[in-house]
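Take a look at the structure set out below.
In the working numbering, the protein residues as written are 44 to 205.
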């Protein structure tokens, strides 16, 4: 078998790129939706567990168990958010490349997946420029820390939350 010419990047038609863009966009939207369901459900579960953990009539064992479960839930929620975020960001980068191949910036004056600052301008309020993903990840982690404090309080019988 004789070696052939070096491999080159094949040209893909705009129709194929548009079809791939549609599929990747749908998958990205699905991942984004799942990612934001995680903190919503985790917050509801945390409220339930903290109610048990901080209820005055609960035994220290019940308080500790509810708080430990809340800590575990916070870790699981943070990991699941990150797990959904990673492929969502990968799909976003792929869509950016496809947008470049389709020359959408020329048609729209800005690439659809450009950073928010580039699409919306530099004068957005700080709370709009903040990453909601990072903020929610911090919030979920905060619940875990609070749960851990309640668990330690219940086990050590410190009485901090009575």
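C-beta atoms are modelled at their ideal positions from N, C-alpha and C, and glycine is treated no differently. Everything numeric in this text was worked out from a predicted model, so none of it was measured.
Kindly indicate which three-state DSSP category residue i falls into: helix, strand or coil?
{"i": "residue 98", "result": "coil"}
{"i": "residue 197", "result": "helix"}
{"i": "residue 190", "result": "helix"}
{"i": "residue 152", "result": "coil"}
{"i": "residue 57", "result": "helix"}
{"i": "residue 164", "result": "coil"}
{"i": "residue 93", "result": "helix"}
{"i": "residue 203", "result": "coil"}
{"i": "residue 157", "result": "coil"}
Looking at the secondary structure, which residues open and close the alpha helix (DSSP H) in which residue i lies?
{"i": "residue 136", "result": "103 to 144"}
{"i": "residue 172", "result": "169 to 172"}
Just the Cα atoms here: how many angstroms apart are residue i and residue j?
{"i": "residue 176", "j": "residue 74", "result": "13 angstroms"}
{"i": "residue 118", "j": "residue 105", "result": "20 angstroms"}
{"i": "residue 130", "j": "residue 69", "result": "13 angstroms"}
{"i": "residue 88", "j": "residue 152", "result": "44 angstroms"}
{"i": "residue 62", "j": "residue 96", "result": "51 angstroms"}
{"i": "residue 92", "j": "residue 113", "result": "6 angstroms"}
{"i": "residue 178", "j": "residue 154", "result": "26 angstroms"}
{"i": "residue 84", "j": "residue 98", "result": "21 angstroms"}
{"i": "residue 197", "j": "residue 79", "result": "32 angstroms"}
{"i": "residue 167", "j": "residue 157", "result": "15 angstroms"}
{"i": "residue 187", "j": "residue 76", "result": "23 angstroms"}
{"i": "residue 204", "j": "residue 94", "result": "12 angstroms"}
{"i": "residue 139", "j": "residue 147", "result": "10 angstroms"}
{"i": "residue 59", "j": "residue 135", "result": "18 angstroms"}
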